[in-house]
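From first to last, the protein sequence lines are chains A and C.
Following our numbering, the numbering of the first sequence begins with 48 at its first residue and continues without gaps.
Following our numbering, the numbering of the second sequence begins with 56 at its first residue and continues without gaps.
C-beta: ideal position from N, C-alpha, C; glycine also.
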Amino acid sequence: MVFQYNKLQSLTIIACLLPLLLLLIDIAFNNLGANPIQALHMRLGDWSLRFLWLTLAITPIQSITNWRGMTDYRQILGLYVFFYATLHVLVYLLVDHALVWHIIGIDIIESSYIWLGILAYGIVFLLALTSPKWAKKRMGKTWKKLHRFIYIAAGAAILHYYWQLKGNLAEPLFYLIIIILLLSFRVAVWFKNRKFNKMMIPTGQKVQVIVAKQVVIPETIREPQVIVLKSDMKR
Amino acid sequence: MIIKTKKAIPASEITDPLVFNKRRQIIKAMLATMLTGSGFVPALANNNKPVWGDLPKSNLSNDSLLLTPAEIIKNHTNYYEFSFNKTDATTLAQNLPVDPWSVEISGEVEKPGSYYLEDILRQQTIQEYIYRFRCVEAWSMVVPWVGFSLGSLLKIVKPLSTANFVKFTTVYQPKIMPSQVNNAMLEWPYVEGLRMDEAMHPLTILAVGMYGDTLPKQNGAPLRLVVPWKYGFKSIKAIVKIELLKRAPTTTWNKFAPNDYGFYANVNPAVAHPRWSQNSERQLGSSFFTPRRQTELFNGYGEQVASLYSDMDLRHFF
């Protein structure tokens, strides 16, 4: 099996289909307003973005709660980003344009906001493709590097959203704030770790600097500390 | 005082529309009573009768267009004074008082003044104009407007030879229009403008109704401009002031984002908005899997208006 899930994970998978169900109900009851196709675009795009934020929220939650095994949830949510983004693209091609390629072509060439959408979708597509565990194993370090592109996808998706609006910024700004919060958490953790590393695991020249400084310190205290440092280095 | 034009005005347009409508209702009620012989049927028949029953259709009206359902036209309006959301605007716009209403006409005219809307209407030939309405957001609809020629109104106030542009201003009602209080996004009140020849063009109308009835508030009641070959934002709503000017006025959207929204704003599939294509449009009311419609130059009114721009580079004067 490529994917194996426990009960809670299976429940998550089903819950993530709820927005689609609600959308189908709204379609069935003609509840999408005067411009239903635009409403479809917005609903699917919004959900794709929301799942993107949820996916990005997994790492901070894991760091705060020390809850192990969150990566499986991250994979599920990440695949739902792909799922809703794919529906978003299909609605554009099939429902909005009925596959009339020359109109689609002109629309894409002339609309810069669509380029950003394509960029975001391309990244999400690649990430979904490399989502199975065997791909992760095979790719090794490149997997992590590739999956960091999600930040670019998030930025492009927000711009894609904002860029097609006539003026009102409120909603894309809200999404932007969320991503800034999620990213700033990562930056904070990164800084913290970096400082922590610097203090706790001295290497190379830094060790010599520390040792040199400690010459000033009275001998009785100095000696055991140096020993501790040396033993640390050997590990 | 306003001088009446020579044109023979049909009785239906001289009579106050409300009085006229009541007369029609009474006749219909009588007919219904005669036919059914019962008392309560006429009461039902009286409900929601349009103010303008059967109007003469303008010869500029395009009857071949398929009308967009009234419900869609009423619930898909950009009225940023109330809300950035199209349906919220519809609800909030109901608070706007539109009766009585007067319009100030001033500037380069012989007869400036403030005119009651009823007095203006009495002077004008009210007709039905079926036009395609194309928004810069790449959607379009077909609206059966009720209105009269702007040029015919301007002639009454006698423009001076120095009048080169017309400036329109929307009502300023900060107590009722939330965005005006917050100074949200655009500069209020909303201002639009036309060149004099555009304003005098027979296609350019002032609308007072839609679908045979008075204009819904969210659609710009009681008086709005309709310029069918231009993007919708030129067709300013709830007009309180019409000024004739020597120089081009600074218009609201043009001031907000001059690279995105030009002064002319002629519908032109060849000139894309900097961020999105104007080549095709979604026809509101069309079903799923209906392809977008290819946008026409001047929204399909090229034959009538192209000469106005024959010596202009439409890429520059977009």
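Query, Result
"Candidates C:Ala254, C:Asn321, C:Leu363 and C:Asp366, of which the one nearest proline 214 of chain C by Cα", "C:Ala254"
"Proximal chain C residues relative to leucine 141 of chain A, where beta-carbon distance stays under 8 Å", "Phe344"
"Test item: CB-CB of arginine 347 of chain C and isoleucine 153 of chain A under 7 Å", "no"
"Assumed close pair leucine 91 of chain A, leucine 140 of chain A - CB separation to whole angstroms, cut-off 8 Å", "Actually they do not touch by this definition, with Cβ atoms about 13 Å apart."
"Rounded separation between asparagine 53 of chain A and arginine 121 of chain A - CA only", "14 Å"
"Residues of the stretch 210-235 of chain A with Cβ closer than 7 Å to any Cβ of chain C, in chain order", "Trp210, Gln211, Lys213, Gly214 and Asn215"
"The alpha helix (DSSP H) enclosing arginine 195 of chain A, as first and last residue numbers", "Note, arginine 195 of chain A: premise wrong, no alpha helix (DSSP H); not H, not E."
"Beta carbon proximity, alanine 145 of chain A to chain C, threshold 7 Å", "yes"
"Start-to-end residues for the beta strand (DSSP E) that takes in valine 226 of chain C", "Valine 226 of chain C -> no beta strand (DSSP E), and no H or E assigned at all."
"Residues in the stretch 79-106 of chain A having any Cβ partner in chain C nearer than 9 Å", "Gly80, Ala81, Asn82, Pro83, Ile84, Gln85 and Leu87"
"Test item: CB-CB of tryptophan 308 of chain C and alanine 262 of chain C under 7 Å", "no"
"Rounded separation between phenylalanine 373 of chain C and asparagine 323 of chain C - CA only", "8 Å"
"Residues bridged to valine 281 of chain C (per DSSP)", "C:Ile260"
"Simplified DSSP state of methionine 265 of chain C, which is helix, strand or coil", "strand"
"Isoleucine 153 of chain A: contacting residues in chain C (beta-carbon distance under 8 Å)", "Ser332, Asn334 and Ser335"
"Reduced DSSP secondary structure (H/G/I, E/B, other) of valine 128 of chain A", "helix"
"Residues bridged to asparagine 237 of chain C [DSSP beta-bridge criterion]", "Beta-bridge pairing links asparagine 237 of chain C to no other residue."
"Cβ-based burial, isoleucine 84 of chain A [other Cβ within 10 Å; buried from 16]", "buried"
"Ranges of the beta strand (DSSP E) found wholly within the stretch 172-213 of chain C, counting only runs of at least 3", "182-189 and 194-204"
"Beta carbon proximity, isoleucine 150 of chain A to chain C, threshold 7 Å", "yes"
"Sequence-distant residues of the same chain with beta carbon closer than 8 Å to aspartate 118 of chain C, five excluded per side", "Lys112 and Ile185"
"Alpha-carbon to alpha-carbon, leucine 258 of chain C and lysine 141 of chain C", "27 Å"
"Complete beta strand (DSSP E) runs within the stretch 325-360 of chain C (minimum length 3 residues, chain order)", "335-338"
"DSSP state of glutamate 157 of chain A mapped onto helix, strand, coil", "helix"
"Test item: CB-CB of valine 234 of chain A and alanine 200 of chain A under 7 Å", "no"
"For leucine 223 of chain A, three-class secondary structure by DSSP", "helix"
"Contact with chain C by serine 158 of chain A, beta-carbon distance below 7 Å", "yes"
"Collapsed DSSP secondary structure at valine 138 of chain A in the structure displayed", "helix"
"Three CB pairs or more closer than 8 Å across the stretch 120-137 of chain C and the stretch 175-194 of chain C", "yes"
"Within-7 Å CB hit, histidine 371 of chain C to chain A", "no"
"Interfacial residues, the stretch 235-252 of chain C to chain A, with Cβ spacing under 7 Å", "Met240"
"Identity of the residue in A:Ile111, A:Leu99, A:Leu229 and A:Ala204 nearest serine 159 of chain A by Cα", "A:Ala204"
"Proximity test, Cβ basis, 7 Å: proline 97 of chain C and chain A", "Summary for proline 97 of chain C: the model assigns pLDDT 37, below 50, so the residue's position carries little reliability; its value from the coordinates is reported in the next sentence. Taking Cβ atoms only, chain A never reaches closer than 7 Å to proline 97 of chain C, which makes this a no."
"Extent of the continuous beta strand (DSSP E) run through serine 161 of chain C", "157-162"
"Listed by chain order, chain A residues near arginine 347 of chain C by CB distance under 7 Å", "Asp143, His144 and Ile150"
"Cβ neighbours of tyrosine 316 of chain C in the same chain (closer than 6 Å, five flanking residues each side left out)", "Trp308 and Asn309"
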